[in-house]
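The structure appears right after this line, and notes come after that.
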Amino acid sequence: MNTLHRNRAVNDALKIILGATLVALSYNLFLLPSKLAAGGISGISTILFELYGLSPAYTQMLINIPIFIIGWIAMGKSFSWKTLIGTFWVPFIIWLSADIPYTVTNPLLGALYGGIVLGTGLGIVYKGNGSTGGTAAIAQVVKKFTGISSGYSQLIVDGFVVIASIIVFNLELTLFALMAIYVTSKTIDIVQLRTSATKLIMIITEEEEKIQQLIRDGIDRGITKVRSVGGYSNKNKTMILCVTEQQEAVQLKRILQKEEPDSFVIFINASEILGRGFSLDKYYGQKL
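What follows is the structure, given as structure tokens:
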């Protein structure tokens with residue numbers, strides 16, 4: 001294994017450990033005290049704890065073993081060792097933090113903040129190309145073979161567990177649990193894709209040079225120009241594509257409204273941006 005692959009493997013492992021720790025803490029701090037069976041193996045362990053007083057850590061460990069084998073067969077060896085870390089780390093942290101004194105018993109707060117912490121943890125684990133075992137592993141398998149995002153895969157798989165929990169808990173707690181997994185699914189996608197962090201701005205204009213100068217002077221971003229023809233006017237136009245951070249988009253909007261109000265401008269939420277100025281240094285390593 002060369003240095004690059006080794007560093008990547010270490011980085012993935014650290015992400016999985018950090019994310020799995022957040023997953024475990026979300027369970028002990030928010031979900032279990034609030035009696036929210038928010039999907040997955042954690043939801044099953046919450047139900048069994050309520051019915052029989054079984055240890056959630058041991059329950060999750062035992063259920064995860066056969067599911068881990070399924071994930072190993074479906075996803076391959078690379079997935080298996082990363083899943084192995086999450087599969088054992090989550091129950092370990094749940095066991096370690098079982099007597100933590102700071103807990104939330106309000107189901108609304110538990111659903112909201114538990115969902116955010118759980119989604120953040122799972123999103124970090126997925127960015128490390130791993131899983132925390134349980135239905136999270138099943139969700140990754142669903143994603144691989146269907147193309148559905150991790151968040152919606154998790155939502156579909158966990159939904160069945162939450163609906164089943166109505167047998168043990170009342171309807172109100174089940175609805176709060178459904179809220180928790182919805183918040184979790186949206187948080188997963190935000191963590192993985194940084195959905196709201198960047199904007200794709202499309203500007204259709206006849207004042208190509210002026211717009212280019214405004215962008216350069218106003219927010220110092222690169223652009224891509226596409227030659228186009230107006231469908232109504234049949235005139236030659238230029239479509240300028242520019243990707244910006246959220247605050248830069250707000251700044252550019254003000255500039256365009258003031259300097260070039262006749263241009264047709266579209267602001268679109270961008271998912272994950274790779275390249276110079278985003279995943280790479282903006283000025284080729286120069287700290288200006």
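Residue numbers (full-length UniProt numbering): 1 to 288.
All residues carry an ideal CB built from backbone N, CA and C; glycine is no exception.
Own chain, CB closer than 6 Å to residue i, minus 5 neighbours either side, in chain order
i: Thr224; result: Leu241
i: Glu206; result: Lys237
i: Arg254; result: none
i: Leu178; result: Val162
i: Gly39; result: Asp158, Val161, Val162 and Ile181
i: Gly114; result: Ser26, Phe30, Leu31 and Ala180
i: Phe264; result: Ile204
i: Gln60; result: Ile41, Ser45 and Pro91
i: Gln286; result: In this prediction, Gln286 scores a pLDDT of 47, lower than 50, which makes its location untrustworthy; the coordinate-derived value is nonetheless stated afterwards. Around Gln286: no qualifying Cβ.
Where the alpha helix (DSSP H) through residue i begins and ends
i: Ser263; result: Ser263 -> no alpha helix (DSSP H), and no H or E assigned at all.
i: Ser45; result: Gly40 to Tyr52
i: Ser26; result: Thr3 to Ser26
i: Glu208; result: Glu208 to Gly218
i: Tyr113; result: Pro107 to Lys127
i: Lys258; result: Gln246 to Glu259
Per DSSP, the bridge partner or partners of residue i
i: residue 350; result: Since the first residue of the chain shown is 1 and the last is 288, residue 350 is not available in this structure.
i: Leu241; result: Met202 and Thr224
i: Val141; result: Val141 pairs with nothing; no bridge assigned.
i: Asn236; result: Val229
Inter-residue Cα distance where the pair is residue i and residue j
i: Arg227; j: Gln192; result: 33 Å
i: Asp262; j: Met202; result: 14 Å
i: Glu172; j: Val90; result: 28 Å
i: Ala74; j: Ile148; result: 16 Å
i: Ile116; j: Thr184; result: 6 Å
i: Phe235; j: Lys210; result: Sequence inspection shows Lys at residue 235; the Phe mentioned does not correspond to that position. Going from the Cα of Lys235 to the Cα of Lys210 covers about 18 Å.
i: Val141; j: Ala20; result: 18 Å
i: Ile16; j: Ile215; result: 39 Å
i: Leu96; j: Ala24; result: 10 Å
i: Gly230; j: Thr146; result: 38 Å
i: Ile156; j: Asp99; result: 32 Å
i: Ile124; j: Asn7; result: 17 Å
i: Glu245; j: Arg221; result: 10 Å
i: Leu18; j: Leu84; result: 14 Å
i: Asp12; j: Lys127; result: 8 Å
i: Lys144; j: Leu122; result: 16 Å
i: Ile166; j: Ile266; result: 45 Å
i: Ile28; j: Lys258; result: Note that residue 28 is Asn in the sequence shown, not Ile. About 52 Å.
i: Tyr232; j: Ile188; result: 42 Å
i: Gly43; j: Ala270; result: 33 Å
i: Thr103; j: Glu208; result: 57 Å
i: Ile93; j: Ala249; result: 41 Å
Own chain partners of residue i with C-beta closer than 7 Å, once the 5 adjacent residues on each side are dropped
i: Asn64; result: Ile41, Thr87, Gly133 and Gly134
i: Val168; result: Ile47, Glu50 and Leu51
i: Leu4; result: none
i: Ile218; result: Inspection of the sequence shows that residue 218 is occupied by Gly rather than by Ile. Taken in chain order, the residues that qualify are Gln251, Leu252 and Ile255.
Contacts around residue i, its chain only, beta-carbon distance under 8 Å, and the 5 residues preceding and following it disregarded
i: Phe176; result: Ser34, Leu36, Pro107, Leu108, Gly110 and Ala111
i: Ile268; result: Lys199, Leu200, Ile201 and Met202
Residue-level contact to chain C via CB, residue i, 8 Å cutoff
i: Lys237; result: Although the question refers to chain C, the structure presented lacks it and comprises just one protein chain.
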